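Contents: one structure, followed by commentary.
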Amino acid sequence: MLDKYGPWAVITGASSGIGAEFARQLASQRFNVVLVARRKQRLQLLAAQLRTTFQVKTVVIVADLTSVEDLERVVQETSAIEVGLLINNAGMETHGPFLSSSQQALQQLIALNICAVTHLAHAYGNRMCAQKRGGIIFVSSLSSSGIPYLSAYSSSKAYVSTLAGTLHQEFRQHGVCCMALEPGFVESEMTLPKESALGKHAATSMMPVNVCVSEALRVFGTRTFCTPGFMNRLRKVALRMLPRSLAMWIVAACLRYSQSRGRINN
Ligand SMILES: NC(=O)c1ccc[n+]([C@@H]2O[C@H](COP(=O)([O-])OP(=O)(O)OC[C@H]3O[C@@H](n4cnc5c(N)ncnc54)[C@H](OP(=O)(O)O)[C@@H]3O)[C@@H](O)[C@H]2O)c1
Numbered sequence: 001m002l003d004k005y006g007p008w009a010v011i012t013g014a015s016s017g018i019g020a021e022f023a024r025q026l027a028s029q030r031f032n033v034v035l036v037a038r039r040k041q042r043l044q045l046l047a048a049q050l051r052t053t054f055q056v057k058t059v060v061i062v063a064d065l066t067s068v069e070d071l072e073r074v075v076q077e078t079s080a081i082e083v084g085l086l087i088n089n090a091g092m093e094t095h096g097p098f099l100s101s102s103q104q105a106l107q108q109l110i111a112l113n114i115c116a117v118t119h120l121a122h123a124y125g126n127r128m129c130a131q132k133r134g135g136i137i138f139v140s141s142l143s144s145s146g147i148p149y150l151s152a153y154s155s156s157k158a159y160v161s162t163l164a165g166t167l168h169q170e171f172r173q174h175g176v177c178c179m180a181l182e183p184g185f186v187e188s189e190m191t192l193p194k195e196s197a198l199g200k201h202a203a204t205s206m207m208p209v210n211v212c213v214s215e216a217l218r219v220f221g222t223r224t225f226c227t228p229g230f231m232n233r234l235r236k237v238a239l240r241m242l243p244r245s246l247a248m249w250i251v252a253a254c255l256r257y258s259q260s261r262g263r264i265n266n
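Under the UniProt record's numbering, residue 266 is the last one in the sequence shown; the count climbs by one each step, no gaps.
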């Protein structure tokens, strides 16, 4: 993996959850890592751990990826190093009825989940295609098929998955691989019961973060779409076999039922 996609990996949303785990597993494979997120202390602590444990180089970039200036700064601050891998991971969710989310939260979600992902794919895709090697993992979601009560989030992930799949076809002739990682529920801050109502709902089917990331890294370069976990793949296939409107109706009915039983509180 290091030969093909090293020596540096840029990981967005590296201060917790899936992004931090990508940083740990890539560093364990001797990748040097650029850690990007807003929480400086978290990033610095992780960077120190990775340097000590795996003797790799690290760069910490504190950035709010909803800001175009910060996005440009990330790209500029990594211009002198050879980036072979981008983990386009940072994301946020809004959950509950669409109308209960503020306009501001929805704009922020679009800026982070769609605009930042696109900006970085363009910037690093350009560089990688020019250097004729590299890879981008887009962290999407199983919800990309469209989940009511996760409407803006799941729609943003539909964009991310489509972008990954289409760019893979455009970039592969330049030696660059793209993959959409579409996990189901994964243990992270996003799904902590106190943070996320859906986390409560999903507590029984939660995947440990290291399992999700190791499966993604294991298949990267051989698949365009990766859904870790047999049960998640089964859910994906089942949802795809139904007419879309019926699949969405069933999911909405299940979520409303859970809400009425007090398992989801919006
Ligand atoms: N957990 C799941 O069940 C699940 C399932 C499918 C897909 N995903 C996707 O996986 C990705 C990672 O999520 P996670 O589960 O690991 O959740 P998480 O632990 O909440 O991590 C989110 C990461 O994004 C960063 N981030 C949030 N807003 C940011 C901003 N404006 N600028 C820069 N960084 C920002 C956070 O860092 P700071 O707060 O320090 O900025 C954090 O490092 C997301 O794209 C999510 O949609 C998660």
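Just so you know, even glycine gets a beta-carbon here, dropped at the ideal spot from N, CA and C.
Keep in mind that this is a model prediction, so the values were computed, not measured.
Open item on the list: Cutting at 8 Å between CB atoms, please list the residues of its own chain near Arg-133, excluding the five before and the five after it.
Closed with: Answer for Arg-133: Lys-4, Tyr-5, Gly-84, Gly-175 and Val-176, listed in chain order.
- [ ] Would you mind stating whether Ala-247 and Ser-145 have Cβ atoms separated by less than 8 Å?
- [x] Yes, they are a contact pair.
- [ ] Using a threshold of 8 Å, state whether the C-beta atoms of Ala-63 and Val-33 are closer than that.
- [x] No, the pair does not count as a contact, with Cβ atoms beyond the cut-off.
Open item on the list: Within 8 Å, do at least three Cβ pairs link the region 9 to 23 to the region 90 to 97?
Closed with: Yes: at least three Cβ pairs fall under 8 Å.
Open item on the list: Runs of 4 residues minimum, wholly inside the region 43 to 82: which ones carry the alpha helix (DSSP H) assignment?
Closed with: Fully enclosed alpha helix (DSSP H) runs of 4 or longer: 68 to 77.
Open item on the list: Can you determine whether any heavy atom of ligand 1 sits closer than 7 Å to the C-beta of Met-248, and answer yes or no?
Closed with: Checking every heavy atom of ligand 1 against the Cβ of Met-248, none is found closer than 7 Å.
Task: Own chain partners of Gly-221 with C-beta closer than 6 Å, once the 5 adjacent residues on each side are dropped - done: Excluding residues up to 5 positions away in sequence, Cys-177 lie with their Cβ nearer than 6 Å to the Cβ of Gly-221 in the same chain.
Task: Rounded straight-line distance, which links the Cα of Ser-156 to that of Leu-239 - done: Across the structure, Leu-239 and Ser-156 are spaced so that their CA atoms are roughly 18 Å apart.
Task: Close beta carbons around Glu-195, own chain, < 7 Å, minus the five adjacent residues each side - done: Because the pLDDT at Glu-195 is just 49, under 50, the model does not fix this residue reliably, and the value given afterwards should be weighed accordingly. These residues qualify, in order along the chain: Glu-189.
Task: Beta carbon of Leu-255 nearer than 8 Å to that of Pro-183 - done: Going by C-beta atoms, Leu-255 is not nearer than 8 Å to Pro-183.
Task: Residue closest to Val-75, alpha-carbon to alpha-carbon, out of Val-117, Arg-235, Ala-216 and Gly-19 - done: The candidate whose alpha carbon is nearest that of Val-75 is Val-117.
Open item on the list: Tell me the DSSP secondary structure of Ala-90 in three-state form.
Closed with: Here Ala-90 sits in coil by DSSP.
TODO: From the DSSP output, in three-state form, read off Gly-134 for me.
DONE: For Gly-134, the three-state secondary structure derived from DSSP is strand.
Task: Limits of the unbroken alpha helix (DSSP H) element including Asn-232 - done: Here the alpha helix (DSSP H) through Asn-232 covers 230 to 241.
TODO: Find out if the Cβ-Cβ distance for the pair Thr-166, Gln-108 is shorter than 8 Å.
DONE: No, these two residues do not count as a Cβ contact at 8 Å.
Task: Which of helix, strand or coil DSSP assigns to Thr-166 - done: Note: Thr-166 maps to helix in three-state DSSP.
- [ ] Return yes when the Cβ of Pro-7 is within less than 8 Å of the Cβ of residue 267, no when it is not.
- [x] Absent from the model: residue 267. The displayed extent of the chain is 1 to 266, so no value can be given.
- [ ] Please classify Phe-31: does DSSP put it in a helix, a strand, or coil?
- [x] Assigned with DSSP and collapsed to three states, Phe-31 falls in coil, not helix or strand.
Open item on the list: Measuring only the C-alpha atoms, how far is Ala-27 from Trp-249?
Closed with: Going by the C-alpha atoms only, they are around 43 Å apart.
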